[in-house]
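Protein chains in written order, with my numbering: chain W, 1 to 165; chain E, 1 to 99.
From the three backbone atoms N, C-alpha and C, an ideal C-beta is built for every residue, glycine too.
Keep in mind it's a predicted model, so treat the numbers as computed, not measured.
Scroll down for the structure; my scribbles are underneath it.
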Amino acid sequence: MLIAQNIGFAIIAAVMIVGAIRVVTTSNVVHGALWLVVVLAGAAAQYVLLAAEFVAVTQVLVYIGAVMVLFLFGTMLTRSRIGRDSGLNNTYRKLGIPVALALFAAMAIALVDSFGSEKMPTDGAIVNTQQISDQIFGPYLLPFWALSFVLLAAVIGAIVLARKD
Amino acid sequence: MFVNQFLILAAILFCIGVYGVIARKNGVMVLMAIELILNAVNLNLIAFSMRNGSVDGQTFALFVIAVAAAEVGVGLSLVLLIYRNRRTISLDDLSEMKG
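Spelled out as structure tokens, the structure:
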């Protein structure tokens with residue numbers, strides 16, 4: 001069981017990393033969006049491995065369903081070139097590589113230092129959807145309301161910004 | 001399963017996202033890189049939720065997903081507005097605030 005989980009993790013992680021690198025290096029906006037779908041679906045699969053089914057389903061619905069449609073619409077409405085486009089990158093993009101590597105080194109050192117070879121609990125309490133809803137509509141009710149207002153403001157703001165007048 | 005395998009995967013995704021934000025000029029591609037960063041954070045939250053056997057991490061992850069959806073909506077409408085006014089979404093061309 002644990003070996004199967006580890007093999008699953010390794011395959012999904014490799015696919016996610018390849019997809020993420022393609023997202024930031026591809027020279028085609030639509031391909032970038034489709035590679036982003038691969039990364040988001042891989043993240044949903046990792047959530048299932050971590051026994052968070054509800055978040056995984058939400059990830060699929062919201063990200064792969066809604067956010068990707070937004071991205072494709074954004075690509076379409078800004079008339080980005082469908083196909084290869086050499087104007088996607090900055091002149092100084094090579095500067096990003098040492099920044100990202102230094103950031104990763106710092107985070108990896110900190111993570112290995114703090115968690116070492118600590119294992120995930122195998123007999124941990126399984127969180128089910130009912131507990132999540134008890135949390136959201138219990139102690140986190142006020143943030144939930146605030147979030148509703150954020151979404152409302154975002155919807156109205158997007159309409160106001162994108163309206164033609 | 002180690003705790004670290006998830007955290008390091010999230011760190012790798014985060015750094016790739018940071019590279020994307022630095023390297024990209026197209027507004028839509030920068031937003032995609034920001035999505036990578038937000039997903040790395042979500043992966044961390046879920047991993048810690050399992051490590052601590054607590055529901056809080058999953059609740060936070062749901063909040064992050066909702067905020068990310070709002071952020072993409074507003075961000076893309078901003079990009080659309082920039083395109084409508086300037087006929088380009090190259091972020092290098094937006095230099096009015098330079099003194």
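- Contacts with chain W at 8 Å (Cβ-Cβ) include V18(E).
- Proximity to I16(E) across V24(W), V15(W), A14(W), A10(W) peaks at V24(W), based on C-alpha coordinates.
- Below 8 Å, enough C-beta pairs join the region 37–47 of chain W and the region 59–69 of chain W to call them touching: three or more.
- Around the beta carbon of T91(W), a 10 Å sphere encloses fewer than 16 other beta carbons of the protein chains shown; the residue is thus reported as exposed.
- Look at the region 3–21 of chain W: the residues with a C-beta under 8 Å from a C-beta of chain E are Q5, N6, F9, A13, M16, I17, A20, I21.
- G157(W) is positioned such that its CB atom lies no closer than 8 Å to that of V3(E).
- The DSSP-derived three-state label of K94(W) is helix.
- The Cβ atoms of N28(W) and D113(W) do not sit closer than 8 Å to each other.
- With respect to the C-alpha of A33(E), the residue from I126(W), G96(W), P143(W), L152(W) having the closest C-alpha is G96(W).
- Look at N89(W) here: in three-state DSSP terms it is strand.
- Contact holds between the region 12–32 of chain E and the region 94–109 of chain W, because three or more Cβ pairs, one in each stretch, are under 8 Å apart.
- Taking C-alpha positions only, K119(W) is separated from A105(W) by approximately 22 Å.
- In chain order, A11, I12, C15 make up the part of chain E whose C-beta sits under 7 Å from the C-beta of F104(W).
- Counting of Cβ neighbours within 10 angstroms places Q130(W) among the exposed residues, the total staying below 16.
- Taken through DSSP and simplified to helix, strand or coil, N128(W) comes out as coil.
- Short of 6 Å from the beta carbon of A40(E), and not among the five residues preceding or following it, lie these beta carbons of its own chain, in chain order: A10, L13, F14.
- Across the structure, S90(E) and L80(E) are spaced so that their CA atoms are roughly 12 Å apart.
- Cβ neighbours of G57(E) within its own chain (closer than 7 Å, five residues either side excluded): L45, I46, F48, S49.
- For N28(W), no Cβ of chain E is located within less than 8 Å of the residue's own Cβ.
- Close to chain E, meaning a Cβ-Cβ distance shorter than 8 Å, are the following residues of the region 51–63 of chain W: A51, A52, F54, V55, T58, Q59, V62, Y63.
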